[in-house]
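One structure below.
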Amino acid sequence: MADHWRRVCDTYQRAIAASEVESKDDPENEPYRSKYRARELLREVRALLGAEEESGERQEDEAQDEDTQSMLAARRAVIEYRLGVNHTETEEMSAGEEHLNNLGILWAERGEIIIGQKYLESAESLYLQYMKKIGKPPVDPDEHFKPEEQKLTEQERSKRFERVYTHTMYYLAQVYKHLKQDEKSAQYCHTTLQRQLEYDGYNPVEWAINAATLSQYYLGKQCYMESRHCLAAANVIFSKAGQTPSPEAAKE
516 MADHWRRVCD TYQRAIAASE VESKDDPENE PYRSKYRARE LLREVRALLG AEEESGERQE
576 DEAQDEDTQS MLAARRAVIE YRLGVNHTET EEMSAGEEHL NNLGILWAER GEIIIGQKYL
636 ESAESLYLQY MKKIGKPPVD PDEHFKPEEQ KLTEQERSKR FERVYTHTMY YLAQVYKHLK
696 QDEKSAQYCH TTLQRQLEYD GYNPVEWAIN AATLSQYYLG KQCYMESRHC LAAANVIFSK
756 AGQTPSPEAA KE
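Right, dumping it as structure tokens:
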């Protein structure tokens, strides 16, 4: 069983490396070569988990079996999520929908704004319920395929979890803008900008542009103090462009 689990983890890590690292060097005539390779590896992991599930079903200890099944369900969910992202990254939206049919971003990007709104608002509600009931960050999806010594600290888990929620706020701001709910869009945009600063998850130029745009909204509403504050913040953050790498650039 130990050898089987090592194979699962190794295959998963190779899939992530192919998708996030090797894909940057794919040739122009095969732009998704590494993404396709990652997909095959993820499917291999799914098959390996299926074999592990069959083994778990034969456990004699009922309590242990329930724990095993719960963990396997979480791992399968991670793989389905990764496959969904893979399909959307290779512009195969219908296949991505099969895996990510509860992801509002996918619907919003396909122009199905109302459906996207529904799922994004559900995500927001789940986050608020979770934090009220549990109060601490969940295990990061990738941790299900890492050895114990590579588990994240609670601080890093929190940062990643909060960044995901920030993305939810960002896309809700876009959805409300499309629905002409300008005041609500501005509120979510403001929250997004605040959270990006708090959790150090932003590109300085993009942040400054969004803050300046929000400043214009407040100006049109004759909220001069808020408008001035946003514009001043935009100037400060824009001055940092080129000095502080974005989270994406820092990974490279």
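Per the numbering used here, the very first residue in the sequence shown carries number 516; after that it's consecutive. A virtual CB, placed ideally from N, CA and C, is assigned to each residue, including glycine. Predicted model, so just to flag it, every value in this text is computed and none were measured.
Range covered by the alpha helix (DSSP H) that runs through residue i
i	result
Ser637	628-648
Glu701	A quick correction: the sequence has Ala, not Glu, at residue 701. Run containing Ala701: 697-713, per the alpha helix (DSSP H) assignment.
Cys745	739-753
Phe676	669-693
His519	517-535
Val720	719-735
Residue burial classification, residue i (beta-carbon count within 10 angstroms, cutoff 16)
i	result
Gln689	buried
Trp722	buried
Gln758	exposed
Gln665	exposed
Pro652	buried
Leu708	buried
Gln632	buried
Lys647	exposed
Pro542	exposed
Tyr527	buried
Lys550	buried
Arg521	exposed
Ala566	exposed
Residues near residue i by beta carbon distance below 7 angstroms, same chain, minus five either side
i	result
Leu557	Ala530, Ile594, Arg597, Leu598, Asn601
Own chain partners of residue i with C-beta closer than 8 angstroms, once the 5 adjacent residues on each side are dropped
i	result
Met775	Beyond the ends of the chain as shown, which are 516 and 767, falls residue 775; an answer cannot be given.
Sequence-distant residues of its chain with Cβ nearer than 6 angstroms to residue i (five each side left out)
i	result
Arg672	Pro652, Asp655
Gly650	none
Would the region 740-750 and the region 711-731 be scored as touching if the rule is three or more Cβ pairs under 8 angstroms? yes
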